[in-house]
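Protein chains in written order, with this note's numbering: chain U, 45 to 392; chain P, 45 to 392.
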């Protein structure tokens, strides 16, 4: 899912996304609550109408954003008091309020309000946050079901599996969550937030075994191309990450042979496309030399072209993985893909 | 002609321009000489290939830019010594060098190197600059013809009529220019550079009478919607201006009822399109409320949508004027258009 935090995937037009075959995008409840306000979005007909996007949308609950406001927030069982990153105004989020915000926004899939902690947290801290997330899920579910009866527009509420890097906590969270309801899908949270990669992979294996295998699993906030392949190998179906657009705006280009930075002098007169294996709207028309010129000159078209390319790269990657799964060749396909991708990464 | 100073019309994709029916764009020899360099552009196959634009391109000679470098340049009969606005490096432009730069860029129409002065200049200053521009035209023409014999790609060189706001100088410039060659078209320079509007209109009327009426006339650096209509009434065929994209990036919107600024609070929950008479890719999909949200949130899509709308507005305006000319109703059409346009302009 390309990320449209503020109801726009940065530097792209919705038409670019449908042309590239994006089937679902993500927006953010915390950001949209602050600006332009979820009630305004509701007044304008909901997120789909507001941003002219008629395919599925998922809204994150703001749990991650609120907990990222280090020093600006206070957590209690009732909810979280925090200061807006925009104007410092005092705000209070409860699970019930977040459900109302996500209802106002009107996405197809809405995430529960959860308690996110740093990836390296010790077991007592992780247990406290994971158990609170389950209690907040129960409150979200009550609020969600109450509102769902009154509305004609159907939404799906996804729970979020927390538990840090502790296998026992992850298993306990899955058990507790699955005992509440027969969910349409699951979020896997609290990964790729500072822990080591092997710890993330171990948690994914555990959650993969424990979750209902007939429902989609969404690995939140992940990730880079190789993270996505590693996640798919471990049963993940949905991903979101700002990487393709944020890195694109910094000149970083995903290619089958790893990452490169278009601003480098070596590309000054390079007539080749960004990635010779790519058929995106940037690679089919423009040279590295031209796109480097746009970046060096601070031209907006450069941001757009790299964002287009990187989003297209991830969408194509997911399509290739799907074909490999259908063909029964995921393991060999992904081994070969990862080997080639890691052959060159210039840390740009 | 939408302006693509650095080989990109700011915030737009070439495909946007062809979709809107832009038939010709402008790029700038001064800017492209400094970055990325006209020789690099030549190495990459010329401007058309470099920026993936297969319709006509006109390059301005850099005369206006060089003369805008107040205090950073020294004019002699040979040429102009100046400092780059990018790095302060010393450069020297002669008519012959400018022809070589424009040859390297490879546009379809190239402008002579001319001596531009402020709009309010007294007659002796204006005479000196205008007569020098004619002498430089003779040198440009010799250099142009010499190179043209060796190249397979054909270009058209346009002279530029100078003369400030002095009727006798404008008439003399037209006479001198037309005695040199049977030109494919004419530039009209040194207007909309600080003089009063009635003075500009008077000069246009004089030049309109004096120039060969079978050749296109290009009013350089003009302009705003009403300037374009006034120019068309006085026989002008081609215009260029950064206004639609530069003003768009500042939130200003051209509409049939005048200009408005999308950042104003009154548009916060306005479900209407930017201009209810418009069928551009912004107006056919998005509300003022959404585009205002994009601007308030510094989202790049906002810059793109207003640039799209404003460029589309000017292209549609030119098409309407052409239809009125064919129908023999230019005077009544333009009277009505100007009255409506001036009914609301909030100076945004």
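From the three backbone atoms N, C-alpha and C, an ideal C-beta is built for every residue, glycine too.
These figures come from a predicted structure and were not determined experimentally.
query: Local Cβ density within 10 Å of residue 158 (chain P), reported as buried at 16 or more and exposed below that; result: buried
query: Simplified DSSP state of residue 386 (chain U), which is helix, strand or coil; result: coil
query: C-beta atoms of residue 249 (chain P) and residue 290 (chain P) nearer than 9 Å; result: no
query: Within chain U, the residues that residue 128 (chain P) reaches when beta carbons sit closer than 9 Å; result: Chain U residues near residue 128 (chain P): none, gap ~14 Å exceeds 9 Å.
query: Delimiting residues of the alpha helix (DSSP H) encompassing residue 193 (chain U); result: 167-194
query: Element boundaries [alpha helix (DSSP H), containing residue 278 (chain U)]; result: Run containing residue 278 (chain U): none; DSSP gives neither H nor E here.
query: Beta-carbon gap between residue 386 (chain U) and residue 64 (chain U) smaller than 9 Å; result: no
query: Below-9 Å beta-carbon distance, residue 305 (chain P) vs any chain U residue; result: no
query: Min CB distance residue 311 (chain P) to chain U below 9 Å; result: no
query: Any 3 or more C-beta pairs closer than 8 Å across the stretch 159-175 of chain P and the stretch 270-286 of chain P; result: no
query: Those runs of the beta strand (DSSP E) which lie wholly inside the stretch 231-274 of chain U and span at least 3 residues; result: 261-263
query: Residue burial classification, residue 240 (chain U) (beta-carbon count within 10 angstroms, cutoff 16); result: exposed
query: The stretch 67-88 of chain P: positions lying closer than 8 Å to chain U by Cβ; result: 79, 80, 84, 87 and 88
query: Inter-stretch contact at 8 Å, needing at least 3 Cβ pairs: the stretch 187-197 of chain U / the stretch 129-146 of chain U; result: yes
query: Residue-chain proximity (residue 394 (chain P), chain U), Cβ-Cβ < 9 Å; result: This structure cannot speak to residue 394 (chain P), because chain P is shown only from 45 to 392.
query: Contact list for residue 339 (chain U) against chain P, beta-carbon separation under 8 Å; result: Correct list: empty, because the minimum Cβ distance to chain P is about 11 Å.
query: Backbone CA spacing between residue 360 (chain U) and residue 353 (chain U) [nearest angstrom]; result: 10 Å
query: C-beta neighbour in chain U for residue 58 (chain P), strict 9 Å; result: yes
query: Meets three-Cβ-pair contact criterion under 8 Å: the stretch 212-226 of chain P and the stretch 175-182 of chain P; result: yes
query: Span separating the alpha-carbon of residue 213 (chain U) from that of residue 167 (chain U); result: 8 Å
query: Stretch pair the stretch 369-383 of chain P + the stretch 305-322 of chain P: three plus CB contacts closer than 8 Å; result: no
query: Near-chain U residues of the stretch 97-117 of chain P (beta-carbon distance less than 9 Å), N- to C-terminal order; result: none
query: Exposure of residue 75 (chain U), with buried meaning 16 or more beta-carbon neighbours within 10 Å; result: buried
query: Cβ neighbours of residue 252 (chain P) in the same chain (closer than 6 Å, five flanking residues each side left out); result: 278 and 279
query: 8 Å CB neighbourhood of residue 243 (chain U) in its chain, flanking five on each side removed; result: 163 and 209
query: C-alpha gap between residue 256 (chain P) and residue 262 (chain P), whole angstroms; result: 13 Å
query: Residue 371 (chain P) versus residue 69 (chain P): straight-line alpha-carbon distance, rounded; result: 27 Å
query: Contacts that residue 334 (chain P) makes with chain U (C-beta to C-beta distance below 8 Å); result: 51, 88, 94, 95 and 96
query: Residue-level contact to chain U via CB, residue 329 (chain P), 9 Å cutoff; result: yes
query: Any chain P beta carbon closer than 9 Å to residue 140 (chain U); result: no
query: Boundaries (first-last residue) of the beta strand (DSSP E) holding residue 141 (chain P); result: It is not in any beta strand (DSSP E) - residue 141 (chain P) instead sits in the alpha helix (DSSP H) that spans 139-149.
query: Contacting residues, own chain, Cβ-Cβ under 6 Å from residue 406 (chain P) (five flanking each side not counted); result: The structure shown does not extend to residue 406 (chain P), since chain P is modelled only from 45 through 392, so no value can be given for it.
query: Within 9 Å, strictly: CB atoms of residue 265 (chain P) and residue 108 (chain P); result: yes
query: First and last residue of the uninterrupted beta strand (DSSP E) at residue 118 (chain P); result: 117-119
query: 8 Å contact criterion, which residue 259 (chain P) and residue 228 (chain P) should meet: CB distance rounded; result: 7 Å
query: Buried or exposed by the 16-neighbour rule on C-beta atoms within 10 Å, applied to residue 383 (chain U); result: exposed
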